[in-house]
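Here's the structure, in structure tokens; my notes come after.
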Amino acid sequence: MSVAIEVQNLRCEFRVNAGWFAAEKRVIAVDDVTFSVPAGSVLGIVGESGCGKSTLARLILGLLKPTAGTVLVDGKRLFDLDRKARARLIQPVFQDPFASLNPRHRIKDIVALPLAAQGTFSRAEIERRVAQILERVGLSAAMGERMPSQLSGGQRQRAAIARALVLEPRIVICDEPTSALDVSVQAQILNLLADLRRDLGLTYLFISHNLAVVEHVASEVAVMYLGRFVERNETDALFRAPGHPYTQALLQSVLTPEPGRGVPDIGLGDAMPDPANIPPGCRFNPRCGIAVERCRRVAPTPMARAPQGMVECHLA
Amino acid sequence: MSALLDIEDLEVMFGGRSAAVRGASFQVEKGETHCLVGESGCGKSVTALSIMNLLARGGRRSAKRMSFAGTDLLSLSDREMARLRGNRISMIFQEPMTSLNPAFTIGSQMAEVLTRHKGGSRTAALERAVELMGRVGITAPEMRLGQFPHQLSGGLRQRVMIAMALMCDPELLVADEPTTALDVTVQAQILRLLATLKRELGLAILLITHDLGIVARVADRVSVMYAGEVVERAPTAELFRSPQHPYTRGLLSCVPVPGRVQRDRPLGSIPGVVPAIGPGFAGCAFRSRCSHADASCEREIPRREAAGAHDYLCRLAPQFSEPQPA
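If you want it as structure tokens, here you go:
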């Protein structure tokens, strides 16, 4: 099977001004991340806010330059490609369909823009493709004439998906695509994304903080903590037998609709992760319930975990 | 025994045209957690704000009954309501950053609640603040007194909001999506805290949420809202075991349940969107999205009993046999 995304030793640092007279701080948002996504599959990435998952998405889209490391998309180095070629290969769907669509353009013009920007499509061809993709995502031709403010949240997210797919990319980066939507609409959008992937042979990188949603859509899941993948595995294996204490805590904190079970005690302290101040040793040790002396001194390295995953923990 | 909070036929209008709440009725008993659940725009937050008399300008409320511990809330003057608010009924909001004042320290904001309502010295109020911050699990509470809201994480800010809401020993806590802006791990910690406070202080909680997982885990009783109406009311276990209203059933089928995922099968979803409801709207507001709808749904809908304390707003007779899709 061919590889759609290959990321090697990717690292991204930001320099942050800490105050007028204080020294500059370095925030390591993505720290030595390596993974690959086979074509046609879905890699889910989960983690808390500030763990670097959106930064990772921006790096893979080429919207940010990494400090170190390489990104190969469909076998080509992302930074060797020009913007137009990149746009034909990889496209984003963002969280907030209220902010990601230009409020002063009609939906069909928004969807047509990626085609027009390529500069190689005739007007008739653009119209044909826009009509086709709008129908495919479940928007009527009449919707195409409207402005974003005249659409509901779910309809806007459909328009954002149409815009992402109109160039027929191979890969779609979905960054929290349903987090701003109501549950009944979320289900519609998740079903649409699943249909599109099957019919068009797409590869998704699916970023979400909602583990139940990730379990539903992803074939493989990576858990991110303070810029690193601390665990990665096939979805069923990861949900059945999580190896990392952080993965375990995340899974426990999912509130399934089962009455009478109460709210679980996930056993995490209230030390919040701070990417500007990553602790020595294992980066999770201040919140970990089972940390030992070694965890405070030595950073764990990735270890293989059945069936084909990895985990970064001394005790897993 | 009469309920602590008793609301009957609440209506809230904005600008005389759109009705945000249309005849909602529910009761919150002493010491129980009552969840108002529904999707955006269903009127659940407006219901909470109208209880607190904090509706935005242009909002008008009316009700057959709106009483708190035997006091008629509708007849209170603004000044009388201000004495109740933050004192015997307190409220926490979704976004703790916007509901704390960024220009004042945590200590002075917390102390003000107590000195304003109960009088007494500022020193005593600060002591109470430290005690409560310890109680809600804030580490180093003395240090927090001098800190500003922006120096705290989201989870800590929400804990400060809860501690502040408890300053005057309220009987009712109204919590509007208190964990929606937080990470799942922090959400679990905050919800556990609310459950502990309810048990230890005998606090009644009106919890507003869109998350059925939260409802299942913390509520004693549930009211499901749709388009400004309470369409189903039931004890929590009963609601999840045998939901009656087609909207409740649809909502439950939309939620992916971890461990019971079938990746090849689509999730259940509710087709269509919430209709615009203008004056003179009659009948069931869900009928345009409901697979059981027929002509009789355009007439007035009866409230049916499914079991004791379980009723719903639909013409369909109760069904108990059909197992729920996971």
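Top line first, the protein sequences correspond to chains A and B. The opening residue of the first sequence carries number -13 in the working numbering; numbering runs sequentially from there. The opening residue of the second sequence carries number 19 in the working numbering; numbering runs sequentially from there. Don't be surprised by glycine CBs; every beta carbon is placed ideally from N, CA and C.
Output needed for Leu153 of chain A: all residues of its chain with C-beta closer than 8 Å, excluding positions within five of it in sequence on either side, in chain order.
Your numbering for residue 153 of chain A matches position 167 in the first sequence. Excluding residues within five positions, the ones whose Cβ falls inside 8 Å are Ala73, Arg74, Gln77, Pro100, Leu101, Gln104.
Express the C-alpha separation of Cys186 of chain B and Gly137 of chain B in angstroms, rounding to a whole number.
Numbered from 1 along the second sequence, position 119 holds the residue referred to as residue 137 of chain B. Numbered from 1 along the second sequence, position 168 holds the residue referred to as residue 186 of chain B. Rounded to whole angstroms, Gly137 of chain B to Cys186 of chain B spans 11 Å at the Cα level.
May I ask you to report which of helix, strand or coil DSSP gives Ser406 of chain B?
This structure cannot speak to residue 406 of chain B, because chain B is shown only from 19 to 344.
At the 7 Å Cβ level, is Ala173 of chain A part of the contact set with chain B, yes or no?
Start at 1 with the first residue of the first sequence, and residue 173 of chain A comes out as number 187. It does; some Cβ of chain B falls within 7 Å.
Among B:Asp201, B:Gly326, B:Asn119, B:Ile319, which residue has its Cα nearest to the Cα of Leu334 of chain B?
Numbered from 1 along the second sequence, position 316 holds the residue referred to as residue 334 of chain B. The option with the nearest alpha carbon to Leu334 of chain B is B:Ile319.
Residue(s) in a DSSP beta bridge with Cys53 of chain B
Position 35 of the second sequence, counted from the start, is the residue given in the question as residue 53 of chain B. Bridge partners of Cys53 of chain B: B:Leu225, B:Val240.
So what's Leu200 of chain B in DSSP terms, helix, strand or just coil?
For the purposes of this step, residue 200 of chain B is taken as the residue at position 182 of the second sequence. Here Leu200 of chain B sits in coil by DSSP.
Would you say Leu285 of chain B lies against chain A (beta-carbon separation less than 7 Å)?
Mapped onto the second sequence, residue 285 of chain B falls at position 267. Yes, its Cβ sits closer than 7 Å to a Cβ of chain A.
Since Val178 of chain B meets chain A, which of its residues come closer than 8 Å, beta carbon to beta carbon?
The sequence position of residue 178 of chain B within the second sequence is 160, counting from 1. Those do not exist, as Val178 of chain B stays about 12 Å from chain A at its closest Cβ, beyond 8 Å.
Any contact between the stretch 170 to 185 of chain B and the stretch 251 to 267 of chain A? By contact I mean 3 or more CB pairs, one from each, below 8 Å.
yes
Mind listing, in chain order, the continuous alpha helix (DSSP H) runs of no fewer than 4 residues lying wholly within the stretch 107 to 183 of chain B?
114 to 117, 124 to 136, 140 to 153, 159 to 163, 172 to 183
Using 7 Å as the limit for Cβ to Cβ distance, is Leu176 of chain A near chain B?
In the first sequence, the residue the question calls residue 176 of chain A occupies position 190. Cβ-Cβ to chain B under 7 Å: yes for Leu176 of chain A.
7 Å Cβ cutoff met for Gln112 of chain B and Glu57 of chain B:
Numbered from its first residue, the second sequence carries residue 112 of chain B at position 94. Numbered from its first residue, the second sequence carries residue 57 of chain B at position 39. Cβ distance not < 7 Å, so Gln112 of chain B and Glu57 of chain B don't count as in contact.
Does the distance from the C-beta atom of Thr51 of chain B to that of Ala206 of chain B stay below 7 Å?
For the purposes of this step, residue 51 of chain B is taken as the residue at position 33 of the second sequence. For the purposes of this step, residue 206 of chain B is taken as the residue at position 188 of the second sequence. Cβ atoms of Thr51 of chain B and Ala206 of chain B: not closer than 7 Å.
Comparing the C-beta of Phe338 of chain B with each C-beta of chain A, is any distance below 7 Å?
Here residue 338 of chain B refers to the residue found at position 320 of the second sequence. Cβ-Cβ to chain A under 7 Å: no for Phe338 of chain B.
Within the 7 Å Cβ cut-off, does Val202 of chain B reach chain A?
As a working note, residue 202 of chain B is residue 184 in the second sequence. True, the Cβ-Cβ gap to chain A drops below 7 Å.
Unbroken alpha helix (DSSP H) run spanning Glu279 of chain A, endpoints:
In the first sequence, the residue the question calls residue 279 of chain A occupies position 293. From DSSP, the alpha helix (DSSP H) with Glu279 of chain A extends over 279 to 283.
Report all residues from its chain with a CB closer than 6 Å to the CB of Glu362 of chain A; omit the five preceding and five following residues, and keep chain order.
No information on residue 362 of chain A is available, as it lies outside the stretch -13 to 302 that chain A covers here.
Under three-state DSSP, which class holds Ala(-10) of chain A?
Translated into the one-based positions of the first sequence, residue -10 of chain A becomes position 4. Here Ala(-10) of chain A sits in strand by DSSP.
Residue from A:Ala166, A:Leu67, A:Lys39 whose Cα sits closest to the Cα of Cys(-2) of chain A
The sequence position of residue -2 of chain A within the first sequence is 12, counting from 1. Of A:Ala166, A:Leu67, A:Lys39, the residue nearest in Cα terms is A:Lys39.
So does Gly231 of chain B have its beta carbon nearer than 6 Å to some heavy atom of the ligand GDP?
The model depicted lacks the ligand GDP and carries no ligand whatsoever.
State the DSSP-derived secondary structure class of Thr20 of chain A, mapped to helix, strand or coil.
By one-based count along the first sequence, residue 20 of chain A stands at place 34. DSSP places Thr20 of chain A in strand when its eight states are reduced to three.
Under the assumption that Val154 of chain B contacts Leu219 of chain B (Cβ atoms under 8 Å), give the Cβ distance between them as a whole number of angstroms.
Translated into the one-based positions of the second sequence, residue 154 of chain B becomes position 136. Translated into the one-based positions of the second sequence, residue 219 of chain B becomes position 201. Going by Cβ atoms, the distance from Val154 of chain B to Leu219 of chain B rounds to 11 Å, so no, they are not a contact pair.
Taking 7 Å as the threshold (C-beta atoms), are Arg273 of chain A and Leu254 of chain A in contact?
Position 268 of the first sequence, counting from 1, holds the residue named residue 254 of chain A. Position 287 of the first sequence, counting from 1, holds the residue named residue 273 of chain A. Yes, they are a contact pair.
Count the C-beta pairs between the stretch 167 to 177 of chain A and the stretch 271 to 288 of chain B that are closer than 8 Å, then say yes if the count reaches three, no if not.
yes
Which two residues bound the contiguous alpha helix (DSSP H) that contains Gln262 of chain B?
As a first step, residue 262 of chain B must be located in the second sequence, where it is residue number 244. Counting along the chain, Gln262 of chain B falls outside any alpha helix (DSSP H), and DSSP gives it neither H nor E.
Is Ala344 of chain B helix, strand or coil by DSSP?
Within the second sequence, numbered from 1, the residue matching residue 344 of chain B stands at position 326. Annotation note: pLDDT 43 at Ala344 of chain B (below 50); position unreliable, no value reported.
Do you know offhand how far Ala344 of chain B's Cα is from Ile159 of chain A's?
As a working note, residue 344 of chain B is residue 326 in the second sequence. As a working note, residue 159 of chain A is residue 173 in the first sequence. In this predicted model, Ala344 of chain B has a pLDDT of only 43, less than 50, meaning its place in the structure is not dependable; the value taken from the coordinates is given anyway. If you take the alpha carbons of Ala344 of chain B and Ile159 of chain A, they lie about 28 Å apart.
Closer than 7 Å, Cβ to any Cβ of chain B: which residues of the stretch 206 to 222 of chain A, in chain order?
none
Rounded to a whole number of angstroms, what is the C-alpha to C-alpha distance between Arg226 of chain A and Ala25 of chain A?
If you number the first sequence from 1, residue 226 of chain A lands on position 240. If you number the first sequence from 1, residue 25 of chain A lands on position 39. Roughly 25 Å between the two C-alpha positions.
Residue span of the beta strand (DSSP E) that contains Arg142 of chain A, given as start and end
Taking the first sequence and counting its residues from 1, one reaches residue 142 of chain A at position 156. Here Arg142 of chain A belongs to no beta strand (DSSP E); instead the alpha helix (DSSP H) covers 139 to 151.
Would Gly231 of chain B and Thr242 of chain A be called neighbours here (beta carbons separated by less than 7 Å)?
Locating residue 231 of chain B in the second sequence gives position 213, counting from the first residue. Locating residue 242 of chain A in the first sequence gives position 256, counting from the first residue. Taking 7 Å as the Cβ cut-off, Gly231 of chain B and Thr242 of chain A qualify as a contacting pair.
Around the Cβ of Met151 of chain B, are there at least 16 other Cβ atoms within 10 angstroms (buried) or fewer (exposed)?
Within the second sequence, residue 151 of chain B is the residue found at index 133, counting from 1. It is buried - the Cβ of Met151 of chain B has at least 16 other Cβ atoms within 10 Å.
Using 7 Å as the limit for Cβ to Cβ distance, is Arg235 of chain B near chain A?
What you label residue 235 of chain B is simply residue 217 of the second sequence in a count that begins at 1. Yes, Arg235 of chain B counts as interfacial toward chain A.
Quick one: measure Cβ to Cβ for Met289 of chain A and Gly33 of chain A, integer angstroms, because I've assumed they're closer than 8 Å.
In the first sequence, the residue the question calls residue 289 of chain A occupies position 303. In the first sequence, the residue the question calls residue 33 of chain A occupies position 47. Going by Cβ atoms, the distance from Met289 of chain A to Gly33 of chain A rounds to 20 Å, so no, they are not a contact pair.
Are there three or more Cβ pairs, one per stretch, closer than 8 Å when the stretch 54 to 68 of chain B is compared with the stretch 220 to 229 of chain B?
yes
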